[in-house]
Each structure stands twice: as C-alpha cells, then as structure tokens.
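Trainee: First residue of the sequence shown? That's 804 in the working numbering, and the numbers climb one at a time after it. For each residue, glycine too, the CB sits at the ideal point set by N, CA and C. Would you mind keeping the following structure in view while I ask a few things?
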Amino acid sequence: MGIKFKYIVGLICVISTLQASAMQAPAITSAPFEKEYKVVLMLPFCIGMSEKYKIREIMAEYYEGVELALSELEKLGMKMDLKVLDTKLDSLEVIRLLSDPELQKADLIIGPVYDNELFEVEKFCATYKIPLVSPLRYYPNTLGADFPLINCNAVDSLQYFYTAKMVAEGFKKFQVVVVDDDIKSTKSASRNFKKGYELATGKTCTVIDGKTQTPEMLWNGKDSMLLFYVGKGAGSSSNGIANRKNDKWLVLGPSEWLDIERVNYNVLNGMYFYGNYLVPYNDTFYKDFRKTYRATYGGDPERYTFIAYDQFMFFCSSLMAFDHHFYKMVLDKEFRYTHRTFQFVRRGNLIENAGTNLFYYDQYNFYKAYWRY
C-alpha cells in the first residue's frame, strides 16, 4: 500500500499548490485537515433481504474498498465521521434516512446507486448545497439546481467522445479510422468518437464497416494507421486481429475483447485496449493491494473493491485538501487511478468523468499505455 500512499500524498501536495496559486480560489480560514469531515455513504446493502443477494455481494465488495481506503486516509491524518446507510432499494427508506437532521451537516454524500433513490438525495443535496457523488451510474441533474452533482461516469455516447480526445492526444501522428462492423451497433459510438476526434484534431476521421470498405482502401500507404473498433463481439475481435498484419497498423479495441474465450491468447499481443475499468495484474500497486486485501479479507479483490477504493481515496483526500470547494479545484485535471483515469469536467449543471484508459497487451500482461509526444 506504500506506493498508493505516496501517490495520494503527492496528489494533496499538487492540488494544494494549485490552490495556493489560484487567485480566484475562495479563501479557507483554517487548514482543512484540522476539521472532522462528515461523510455519508448510502448504498443498497439490502440487509435481511435474502432475495437481493447479488446486489448485496456487489455492495459488500464496494464496502471492502471503502474500508481499505479509510485505513489509508487515517494515515494521511484525515478526521472523518462516516455514516454508512442502507437504502434497501427503496426510495421511501431513503426519505426516512434523510429525515435525520444530522445529515444536513454532511460535507459529502456518496451514493445511492439507483435513480429513484438518487432523486430523493438530489433534492436533499440541492436544498442544503451538499456535494453529491453518483458512484456507479450516470445520473443527470433532474432539478436543474445549482449544487455540485458529480458523476463518476459519463453517458456511453460521451464516453466515446472523451475516448476520442484521448486517442487524439496519444496518437497524434497516426491516420485514425473507425471500424464499426457490428450489425447490432446503434452507430452512436462511432459517430461520437468521430466527432470527438475531429474536434480535438481538426483532421478527418473516417468510419468504415470493414467489409464494403476496408482499411486498405483508406490507407495512404505511408503513415501509421490506428484502427479504432467499437464492436465488442467475437466477430469484431477476429477482424481486428486479422488487421494487425501490417506493421504500420495498430488496432485499438474495447476491453471486452479480453474476455472472449480463445485457444491462443498470443494473437492479442501488440494490441491496444480501451475501457472504463481494467486493473492490470502485473501492476505494482495491484500486487501490493492484493497482499493487503488477502491479509484483511482473504481471497482476491474484485472489480467493485477497486472502484470504491479509488473513489473514496480521491474524493475524501480532495475534500481534506480543499474543504467544501474541492469539486472546483479538481476540474479539468487528470488523475491516474488504479481502475481508470479521473478527469472531471463540468457539462451543463453537472460534473462528469471524462477520463478513460488505454492499455497495451503483451505476453499475457497488461501495460498502461499513456502516450505523450
């Protein structure tokens, strides 16, 4: 856990420096870390509801990540009064929980998960101007109220738009072509990627189906070419593998390709992958995290444990660094975390995550591919 601890210390130092240099930043009368922050975690733990065991297991994974993050935050010196509440998948239960006047003093609320529950908490946070984090799904600002509503995800269409901007930055010297060969595709993925790429670069990005139009037809014969695939199925994966035959062509496909059963996984070597979640098993932090997790819980950490750990570390350490203005100070900056990149941007009356990940696969190992020319 030492590497992550040093990373978070670095995060606080960096954003504290940004705060000191930002003339427009609101003044904080006392050091934020001297306060005890009131944080509320609202999740559908569904205690006593045996039929909801699948949801309960996911929430248990998430809470394990919260507990591990709490241990690190204590090392940072954060004082926290954490309330953990079970929404029971019931908006009426959420209303009952919110009737506690102590919740009006919260500095941050994380959760709930489902729209009907989030709607009740949105009304509450809008009234008392409390930052609200939607941790696992995109939730729009339905009230149009002026308060910090923070989404850890973006809608799928915008996620492709943001991925395109990252590709534009990372593969500046490449001719980029989108391959949309999935007959089930709504085409919105390729349209939004094309729009994002062209806005970021001013260059044209062509969308092909890979059949009636092929990469050979478009390649100028000299520049390196990046083939961006939106199809998540086996057919798209096979097409992408086949198009790696040219040394000047790179294939970038969705992380779902990694879950497709195949006899020879070596065929994926040299390919790039994008996604909102992927923890490379050969990553140094993963190995340290796994040791700590095993010593605490046994077994291996799962998806939602990593998601919760990253989110709780990010938001709570930012809160400690910037007090109630933390959400303003982290906008339009990139923070690379375990399962994805956090890059929060303001869009209309809400804040959402424009971050994504690019991974390189080689000899059964994943390597984060951060390109900077």
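#1: Could you tell me the alpha carbon to alpha carbon distance between F1169 and P951, rounded to whole angstroms?
#2: With a cut-off of 8 Å on the beta carbons, I'd call L871 and Y1096 a contact; round off their distance for me.
#3: Where G1005 and M1020 are concerned, what is the direct C-alpha to C-alpha distance, given to the nearest angstrom?
#4: Since S1058 is in the alpha helix (DSSP H), which residue starts that stretch and which ends it?
#5: Under a Cβ-count criterion, where at least 16 other Cβ atoms within 10 Å of its own Cβ denotes burial, should V1082 be classed as buried or exposed?
#6: So is N1085 buried or exposed if we call it buried at 16+ other beta carbons inside 10 Å?
#7: Which ranges would you report for the alpha helix (DSSP H) in the stretch 969-1014 if only whole runs of at least 4 residues count?
#8: According to the neighbour-count rule (16 or more other Cβ atoms, all chains shown, within 10 Å of its Cβ), is S1040 buried or exposed?
#9: What are the boundary residues of the alpha helix (DSSP H) that includes N1042?
#10: Have a look at E1137, F1109, A909, G914 and flag the residue whose alpha-carbon is nearest the alpha-carbon of L844.
#11: Give, in chain order, every unbroken run of the alpha helix (DSSP H) that is at least 4 residues long and sits entirely within the stretch 880-904.
#12: Flag this pair as touching only if the stretch 1038-1055 and the stretch 1119-1137 have three or more C-beta atom pairs under 8 Å; answer yes or no.
#13: Where does E839 fall in DSSP's three states?
#14: Can you tell me which residues form a DSSP beta bridge with N1160?
#15: Measure the C-alpha to C-alpha separation of E1001 and V1010 and round it to an integer number of angstroms.
#16: On the DSSP bridge assignment, give the partners of D1126 in chain order.
#17: Tell me where the alpha helix (DSSP H) around Y1140 begins and ends.
#18: What first and last residue would you give for the alpha helix (DSSP H) that runs through I861?
#19: Between E920 and the rest of its own chain, which residues show a CB-CB distance below 7 Å, the 5 nearest in sequence each way excluded?
#20: Going by DSSP in three states, R1149 sits in which element: helix, strand or coil?
#21: Using DSSP with H/G/I as helix, E/B as strand and the rest coil, what is N954?
#22: Going by beta-carbon coordinates alone, are N995 and L1030 separated by less than 9 Å?
#23: Tell me the residue span of the beta strand (DSSP E) that contains F848.
#24: Please state whether DSSP places I933 in a helix, a strand or coil.
#25: Here's the rule: buried if 16 or more other CB atoms are within 10 angstroms of the residue's CB, otherwise exposed. What is I850?
#26: With K800 as the anchor, note down where its beta strand (DSSP E) starts and where it stops.
#27: For the stretch 1070-1079 against the stretch 1146-1164, do three or more pairs of beta-carbon atoms, one drawn from each stretch, fall closer than 8 Å, so that the two count as touching?
#28: Please confirm whether G868 and Y1107 have their CB atoms less than 9 Å apart.
#29: Which value, in whole angstroms, describes the spacing of the CA atoms of S1027 and V1054?
#30: For L1030, which beta-bridge partners are listed by DSSP?
#31: By Cβ distance below 6 Å, which residues in the same chain neighbour D1165 in space, the five residues on each side in sequence not counted?
#32: So, with DSSP's three-state summary, where would you put N1113?
#33: Classify D959 as helix, strand or coil using the three-state DSSP reduction.
#34: Using three-state DSSP, classify L911 as helix, strand or coil.
Mentor: Based on what the coordinates show:
#1: Stepping through the sequence shown from its first residue, residue 1169 is reached at position 366. Stepping through the sequence shown from its first residue, residue 951 is reached at position 148. Approximately 35 Å, taken between the alpha carbons.
#2: For the purposes of this step, residue 871 is identified with residue 68 of the sequence shown, where counting begins at 1. For the purposes of this step, residue 1096 is identified with residue 293 of the sequence shown, where counting begins at 1. Confirmed, Cβ separation roughly 7 Å.
#3: As a first step, residue 1005 must be located in the sequence shown, where it is residue number 202. As a first step, residue 1020 must be located in the sequence shown, where it is residue number 217. Their Cα atoms are separated by approximately 22 Å.
#4: For the purposes of this step, residue 1058 is taken as the residue at position 255 of the sequence shown. Careful: S1058 lies outside any alpha helix (DSSP H) and carries neither H nor E.
#5: Residue 1082 sits at position 279 when you count from the first residue of the sequence shown. The residue is buried, with at least 16 neighbouring Cβ atoms inside 10 Å.
#6: In the sequence shown, residue 1085 corresponds to position 282, counting from 1. Under this definition N1085 is an exposed residue.
#7: 991-1004
#8: Numbered from its first residue, the sequence shown carries residue 1040 at position 237. With 16 or more Cβ atoms within 10 Å of its Cβ, S1040 is classed as buried.
#9: Reading the sequence shown from its first residue, position 239 is the one you call residue 1042. Per DSSP, N1042 belongs to the alpha helix (DSSP H) from 1037-1045.
#10: As a working note, residue 844 is residue 41 in the sequence shown. Comparing Cα positions, the closest option is G914.
#11: 894-901
#12: no
#13: Mapped onto the sequence shown, residue 839 falls at position 36. E839: strand per DSSP, three-state reduction.
#14: Working through the sequence shown from its first residue, we reach residue 1160 at position 357. Per DSSP, G1078.
#15: The residue given as residue 1001 occupies position 198 in the sequence shown. The residue given as residue 1010 occupies position 207 in the sequence shown. Cα to Cα, E1001 sits roughly 12 Å from V1010.
#16: Taking the sequence shown and counting its residues from 1, one reaches residue 1126 at position 323. According to DSSP, which records beta bridges pairwise, D1126 is partnered with nothing at all.
#17: If you number the sequence shown from 1, residue 1140 lands on position 337. Careful: Y1140 lies outside any alpha helix (DSSP H) and carries neither H nor E.
#18: Translated into the one-based positions of the sequence shown, residue 861 becomes position 58. Unbroken alpha helix (DSSP H) run through I861: 856-878.
#19: Within the sequence shown, residue 920 is the residue found at index 117, counting from 1. The residues are T890, S894, V897.
#20: As a working mapping, residue 1149 is identified with position 346 in the sequence shown. Strand.
#21: What you label residue 954 is simply residue 151 of the sequence shown in a count that begins at 1. DSSP places N954 in strand when its eight states are reduced to three.
#22: Locating residue 995 in the sequence shown gives position 192, where the first residue counts as 1. Locating residue 1030 in the sequence shown gives position 227, where the first residue counts as 1. Contact: no.
#23: On the sequence shown, residue 848 is found 45 positions in, with the first residue counted as 1. Premise fails: F848 is in no beta strand (DSSP E) and is neither H nor E.
#24: Position 130 of the sequence shown, counted from the start, is the residue given in the question as residue 933. I933: coil per DSSP, three-state reduction.
#25: One-based indexing of the sequence shown puts residue 850 at position 47. Answer is exposed; the Cβ neighbour count stays below 16.
#26: Residue 800 is absent from the structure shown; the chain starts at 804 and stops at 1176.
#27: yes
#28: Here residue 868 refers to the residue found at position 65 when the sequence shown is read from its first residue. Here residue 1107 refers to the residue found at position 304 when the sequence shown is read from its first residue. Contact flag set, yes.
#29: As a first step, residue 1027 is located in the sequence shown; it is residue number 224 there, counting from the start. As a first step, residue 1054 is located in the sequence shown; it is residue number 251 there, counting from the start. Each residue's alpha carbon lies about 11 Å from the other.
#30: In the sequence shown, counting from the first residue as 1, residue 1030 sits at position 227. For L1030, which the question treats as bridged, DSSP gives the partners V980, V1054.
#31: Residue 1165 sits at position 362 when you count from the first residue of the sequence shown. So the qualifying residues of the chain are N1072.
#32: The residue labelled residue 1113 in the question sits at position 310 within the sequence shown. This sequence places Asp at residue 1113; Asn is not what is there. In this structure, D1113 counts as helix in the three-state DSSP scheme.
#33: By 1-based counting over the sequence shown, the position of residue 959 is 156. It is helical.
#34: Position 108 of the sequence shown, counted from the start, is the residue given in the question as residue 911. Note: L911 maps to strand in three-state DSSP.
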